[in-house]
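Numbering (this note's numbering), first residue to last: 46 to 228.
Where a beta carbon is used, it is the ideal one built from N, C-alpha and C, also for glycine.
Please read all numbers here as calculations on a predicted model, not as lab measurements.
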Amino acid sequence: MELFEKAQTIRLRSYNDKYLIAGEDEETVYQDRNNSTKNSLWTVELVAGRDVIRLKSCYGKYLTATNIPFPPKVTGKRVIQSLPSNQDASIFEWEPIRDGFQVKLKTLWGNYLRPNGGLPPWRNSITHDIVVIPQWNRSQEKILWDVEVAESPRHKRTTPSDRSFSASQQLQNQQGMSLQDFI
C-alpha cells in the first residue's frame, strides 16, 4: 500500500511487458506495449480508512471489475472502465498485495486483475479471475504487475468515504459533473 501512497499517477506493466491501457471507446481496457500514450496512465485514489485503491483512467472513469464472463462460459470476468452510479462502490476498489517489487491487485471478492495472452479473443485482454491453487506457481506470475510511478504528489491524498463517493456520484449523475470536481 505504501507504494500507492507515494504515487499520484502510475502505469501498470504485466509479466509479458505490456501495459494496462484505457481504450479510446472509454469502456474497454486492454494491454499494449506502447506506454507513451495518456491511455497508459492511471490516477491512484486512496480510499480513506481502508487498504484499497481506485484507479482512474485518463477519461475520468474507474477500473471496474464486472460479473460479465469473458468469453462466455469461462471463469474470467470482464474488466472495464466505468463511472460510478448506483453501483456497489466495491467494484471500483482493488486491494494491492505486495509481492517483492511487484503487486497483485485483488477485488474484494478474491479475484485478481489478470492480463491474458494467446489467440483471440484472449490476446491482449484483461480479466479478473481466481487463481487455481494446483497451478499457483504458473498462475502466480501472471497476476503480478510492475508499478511504474509517473507522477508523485506533494501531499497524501485520499478519496471521499464510500458514502461521500456514492453521494458525489448521484450528484454527478444529476448535474453531469465529474468526481474530479469534488476532490
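Quick check on W154: buried or exposed, where buried means 16 or more other Cβ atoms within 10 Å of its Cβ? exposed
So what does DSSP say about S85, is it helix, strand or coil? helix
Boundaries (first-last residue) of the beta strand (DSSP E) holding L128: Note, L128: premise wrong, no beta strand (DSSP E); not H, not E.
Using a Cβ-Cβ cut-off of 6 angstroms (strictly less than) and excluding sequence neighbours within five positions of T88, which residues of its own chain qualify? T54, K101
Use the C-beta contact count for D133: other C-beta atoms within 10 angstroms, 16 or more gives buried, fewer gives exposed. exposed
With a threshold of 16 other CB atoms inside 10 Å of the CB of E138, please say whether the residue is buried or exposed. buried
Identify, in the order they occur along the chain, each residue of the same chain with its Cβ nearer than 7 angstroms to the Cβ of T120, setting aside the five sequence neighbours on each side. D174, I175
What did DSSP end up calling S135 once you bin it into helix, strand or coil? helix
Span of the alpha helix (DSSP H) around L48: 47 to 50
Taking a contact to mean a Cβ-Cβ separation below 8 angstroms, would you say P129 touches F49 in this structure? no
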